[in-house]
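Here's the structure, in structure tokens; my notes come after.
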Amino acid sequence: MSLQERSEARTRQIQVQANRPELIRYFFYLCLLSILGTISPKRFFAQSSASADFARDVAPIFQARCNLCHGSEVQMGGLRLDQRQNLLKGGKSGIPSIVPGKSAQSLLVRYISGLDPKLVMPPTGERLSAGEISRISRWIDQGAVWPAETQTSKP
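The numbering used here applies: residue 178 is where the sequence shown begins, and numbers increase by one.
Structure, rendered in structure tokens:
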């Protein structure tokens, strides 16, 4: 191979490498557009305004992530999350853990969201996901209805 052929081959190799980031970017955008094309905006926004159900949306989170320390056997800080009246009463502080209809004013949301740097829940292990926090907040915003209340309200 002559010097000129090697030089041309090297130039082509450099051009291909120079275009590689651009090709990767185009591939990324193509994948992103194909994924976004499968998501219906109506379906996405419907989830955020859907009715919150304690048994379906909140109880599993409490059972998996909270009841070990705030359940029927142990009530750290005097707080019990498995009974609505105790959520409304709060723990040893006497401040209600939840304010039905106002998740932004609820200590529970403040602590699980990490908005209070002094007290973050859960204190160990993985933090609650944004989806879990959103489900709890939506349930509180919609009145924090407990299963027994929905049954007694029907004739």
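Even glycine gets a Cβ: it sits at the ideal position worked out from N, Cα and C. The model shown is predicted, which means the values in this text are computed figures rather than measured ones.
Report all residues from its chain with a CB closer than 6 Å to the CB of residue i; omit the five preceding and five following residues, and keep chain order.
i: L305; result: I289
i: G278; result: G320
i: D293; result: R287
i: E309; result: I238
i: Q260; result: none
i: F221; result: Reliability fails at F221, whose pLDDT of 41 lies under 50, so the model's placement of it is uncertain and the value that follows must be treated cautiously. Once the five neighbours on either side are set aside, F221 has no close Cβ partner at all.
i: I317; result: I275, S280 and S283
Are there 16 or more other CB atoms within 10 angstroms of the CB of residue i, so buried, or fewer, so exposed?
i: R242; result: buried
i: S283; result: buried
i: L180; result: exposed
i: G172; result: No answer is possible for residue 172: the residues shown for the chain start at 178 and end at 332.
i: V251; result: exposed
i: P229; result: Sequence inspection shows Ala at residue 229; the Pro mentioned does not correspond to that position. With 16 or more other Cβ atoms within 10 Å, it is buried.
i: L256; result: buried
i: I272; result: exposed
i: R183; result: exposed
i: S274; result: buried
i: L258; result: buried
Among residues of its own chain, excluding the 5 on either side of residue i, which ones have a beta-carbon nearer than 7 Å to its beta-carbon?
i: S314; result: S280 and V286
i: L265; result: P273 and I275
i: H247; result: M253, L256, R257 and L258
Got a sec? Which residues, its chain only, sit under 8 Å from residue i by beta carbon, not counting five neighbours each side?
i: P324; result: F231 and A232
i: G291; result: V297 and R304
Which residues does DSSP pair with residue i in a beta bridge?
i: Q262; result: Answer by DSSP bridge pairing: none, since Q262 is not bridged.
Any idea what DSSP makes of residue i, helix, strand or coil?
i: Q181; result: helix
i: Q240; result: helix
i: Q252; result: strand
i: P299; result: coil
i: P277; result: coil
i: P294; result: coil
i: R304; result: coil
i: I313; result: helix
i: A229; result: coil
i: I289; result: helix
i: V235; result: helix
i: A186; result: helix
i: R319; result: Correcting the residue type first, residue 319 is Gln in the shown sequence and not Arg. The answer is coil: DSSP assigns Q319 none of H, G, I, E or B.
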